[in-house]
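Contents: one structure, followed by commentary.
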Amino acid sequence: MSSGDKLVFINCGAKGNPPPHYRWNVDGRDIDTDSDLNYSLVEGNLLISNPHFINHGGVYQCIATNAFGTIVSRKARVRFAFLQNFSRKPRNTVLVREGQAVVLLCGPPPHYGEIKYSWVFNGQSSFLQQDARRFISQRTGNLYIAKVEASDAGNYTCAVRNMMTNATVFSSPTPVVPKIEVHFPDTLHVSKGSSVKLECFALGNPVPSISWRRADGNPLPGKIKINHSTGDLEIPYFRPEDAGVYECVAENSRGRNVARGQLTLKDAYMAIGANLQWECKAAGKPRPTYRWLKNSQPLTAMGRVHVEAGRLTISKITLSDSGMYQCVAENEYGSVYASAELKVVASPPDFTQRPVKTSTVVQRGGESVLECRPNASPKASISWWRGGNLLKDSERQTTMEDGTLHITNISKSDEGRYTCVARNHFGVSSSSGTLVVKEPTRITIPPLSSDATVGQSLVLPCEVSSDSSLNPVFKWFFSGKGFTGDLMVRNIQLRHSGKYVCMVHTEVDTVSAAADLIVRGPPSAPEVPAVADVTDTTVQLSWGSGPDNHSPITVYMVQARTPFSIGWQNVRTVPDSVPGQMMHATVTDLNPWVEYEFRVVAVNSVGVGEPSTPSKQIRTKAAAPKVAPVNVSGGGGARGELVITWEPVSEEQQAGEEFGYVVALRPLGSSTWFQTVLASPDASTYIYRNDSTAPLSQFEVTVGVYNSMGEGPFSRVVTVLSAEEEPSEAPQRVWARAVSASEIEVYWDPIPPSSGSEKIIAGYIYRRWVVGDEGGVRVINSTALLSGLKGSTFYQIAVRAQNSAGFGPCSVSVNITTKKPRSFSALFSRGSASGRPGPTHPLLTANSHLPLEQASDWWVESAHMGLRQGCVESTGPGWGRLGLPGPGRPGIDGNGPSVSETSSLQTLLGFYSTRMSYASKCLNLE
């Protein structure tokens, strides 16, 4: 019962006439229900109110009395589930070396009722989980750690929970104690049909493996369950044949240890003639005495019966020994009983339930175990026969004590039918089975341990020879995973490193071979680098190495990143090349007052590994600038100005706060510098103004830098000219010609330098006018081509010079009209009287009328094509009549310009285009 229960009710009823009255006693003492308010009677039943687990626990007995006598009930024991607190006394601390085993003793406080043990590590909210390395015994509460690791260091607290009251108490923190042992009970008494669990836990380094076996050599029943992670063995539905001695074997590379324990059936089924031994144990103060009862009568030690304390031994039991046996343990405070039934069995051998295996297949060279386990009482004597011949023990064949036939080094000649014959006083029986011998399976080409590089492919072979009647099944195992078929590893990665096991299974045997695959790859990322000792240009860097992935690290590369860099860049270090065994370096040649992140990359013979995680961002200390401006130049500007320009220093090179520029200048030949300060880091121009400065005066100029830490260097001294004055003369000899309906060419003479003048002409501007249209174009030559003009349009053109100081005066204007756009629908001719290619014009005859420009153009082109003479007569403004050479033509008198075949078109066009009056002009092209 739970100690938290408020009421306890014990029934007692008796029949009698007159009706009986009742009284109770506890532990032999009468209960006074009048004086003890915790007790009360309800129609003979005893009611206990607000019970206490100490005051009200005990053996209760009801007594019923009437006028005819008194009877007593059987005794009833009342016990309360309770759980007291642990002692608060601190537990001793014992240190354990890594790799040793340790047992932590729980030492539970006084309690009653089912309890559950748990452990808490370092005060964590969750309980410690059991695994292959850690085990908690639910018998003792002790915590076993098979192999202590560095992470196991800490405080361990035992937690005990009463499953009935749900109360939990915690011990004081306790350390570990090194101890190596195997835990297993000596004797367990098990009831028929119940389940029994055996705990076996071994401590050792390396962690031992646990296996189980029966001491008599018989195989473990198939129903047995073994938990390999905890080492527990469980036997469900315990039967008489499960009784016996069991062995727990703990084994590692340094040795082995064996513990034994015996399982006995409480209700024993014993074969006639066997020896019976029962043991009864009880705890009590004072120490209890023991006596035995058979069928409720005292059992006297005599003859075959021996009684020694709580141990009962009966030798060579007979049918008359069957019955109910009780062990009574008692002291002055009471007695306890344990009961068991003994059934003596007598029967002839019987193979009905366990016949010899019909067919046993084994491999040649192996061994075979043929079991013969008939039910017989007393135990039967066993003999084996083959083909009518009795088998006798030999070097290879042995009949074991339990009747099993053991054959070693089996050959083909051992094949055949085997018969087990069992005899006892009550009869004879036999059972037969066949032994089949197969050729053993052998791995002829095993997988070989190999090295590979990341990215390669590899085939692991595994070839076998086996009996032709067997079908071998291949299975590979790697990292706890199994897969069938051939094994090819493509595109090998680091995760493929490990042990590969080829296992071949047949009906007869299983063989395996293993190979280690070592994958070599670029190093893994180093640990995050730590930055220390930061100066303006250096830092100290240190890091931890990552896995080298089976290829030693040869060198480390240090990389840095700033807000101004494009990605990560290698940086200079001391030493210049950081060897693989060194994990620190000094980074040099950094820029002052710049934020840096650093990372480390490891390199081995396979390649460059992954970079480390970047370090925490740091800023180097400030310093005076070390970089001067570049590309210092200048010139231009307005009259009286000296314009100075330079390329600004990048923010990365400014080395500190409050960065600015110092501009120094002096006239060429002067010894005195004029300086000015520009406080803007983005400044790139300074204009010095002095109205008394002559145009194009030479100045020596230099630009320096500074910041809050001091002044930096100046640039090299360069010579810069002050602003020039604007041109004072206009261009001369300006003239133009119409090239087409949309283009005009303009020509002029450059402005010659005046005597002693230093002014520089930067270019020319022309202007053009038409009604509602005006514009200009800047050129640097003494000719210009105007395009995009309107056809048959009058233009007025002027030219003026320009330099950095401004514009000069305009030239005299010239007038010109663009050509009329041509019609391309007319026919063209290329012939001539002389046989030369003729001009490309419409077919013309004598006295043809056409615009004057076209007529003059025709003449010019004709001159180049071989026509030597002709006249053009003006018939009106802009029109002319063409006269072809012929006899009697007046006017072929050379009146007009005399030109050669190579005369410029401009000369001819100028001659005709400027004569708009009514006139007749003839050309002598000879």
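Under UniProt numbering, the first residue of the sequence shown carries the number 1, and numbering increases by one thereafter. Backbone N, C-alpha and C fix where the C-beta goes; we use that ideal spot for every residue, glycine too.
Whole-angstrom distance between residue j and residue i, CA atom to CA atom
i    : j    : result
I272 : F127 : 52 Å
W335 : G57  : It is Ser, not Trp, that sits at residue 335 in the sequence shown. Cα to Cα, S335 sits roughly 15 Å from G57.
G776 : S787 : 12 Å
P41  : L47  : Here the sequence assigns Leu to residue 41, which means Pro is not the residue at that position. Going from the Cα of L41 to the Cα of L47 covers about 6 Å.
W385 : R354 : 18 Å
S811 : L789 : 21 Å
Q262 : Q363 : 35 Å
D576 : H496 : 36 Å
L696 : P731 : 22 Å
F659 : V703 : 13 Å
C372 : L435 : 14 Å
V746 : V814 : 10 Å
F911 : S728 : Here F911 scores only 45 on pLDDT, less than 50, and its place in the model is too uncertain to base an answer on.
T157 : S457 : 52 Å
E725 : A801 : 12 Å
S715 : T562 : 26 Å
I226 : V305 : 38 Å
S394 : E279 : 40 Å
E332 : A422 : 53 Å
L448 : A515 : 5 Å
Helix, strand or coil at residue i [DSSP, three-state]
i    : result
D536 : coil
K820 : coil
D516 : strand
S559 : A quick correction: the sequence has Gln, not Ser, at residue 559. Strand, per DSSP.
S413 : helix
H496 : helix
L143 : strand
E711 : strand
D589 : coil
S151 : helix
D32  : coil
S118 : strand
L293 : strand
S87  : coil
D242 : helix
Q653 : helix
When the options are compared against residue i, the one with the closest alpha-carbon
i    : options                   : result
T70  : H21, L494 and L319        : H21
A76  : V59, R91, R88 and A67     : V59
Q698 : G634, N55 and D30         : G634
S347 : S322, G365 and K379       : K379
G99  : S118, P90, P51 and S151   : S151
A694 : N707, L319, S670 and G640 : G640
K281 : W543, Y290 and S612       : Y290
P523 : E610, G427, R716 and I687 : E610
V428 : L405, V459, F351 and R133 : F351
N11  : Q456, S73, P18 and N38    : S73
A101 : A329, Q569 and A146       : A146
A532 : V508, Y500, S615 and T554 : S615
R520 : P547, H584, A452 and Y500 : A452
Y418 : G455, L370 and V454       : L370
R139 : E114, S125 and A153       : E114
N781 : D749, T408, T300 and T165 : D749
S804 : Q653, V643 and G656       : V643
Supposed contact pair residue j and residue i - C-beta distance, whole angstroms, cut 8 Å
i    : j    : result
Y556 : V601 : 7 Å
V148 : V160 : Not quite, the Cβ-Cβ distance comes to about 24 Å (not below 8 Å), so this is no contact.
V473 : H505 : 5 Å
P236 : K223 : 6 Å
Y661 : P629 : 7 Å
T441 : V511 : 5 Å
Cross-strand partners of residue i (DSSP beta bridge)
i    : result
P259 : Per the sequence shown, the amino acid found at residue 259 is Ala instead of Pro. Answer is C248.
R737 : E745
L642 : Y688
R666 : E700
T510 : H505
M324 : E341
A602 : Y556
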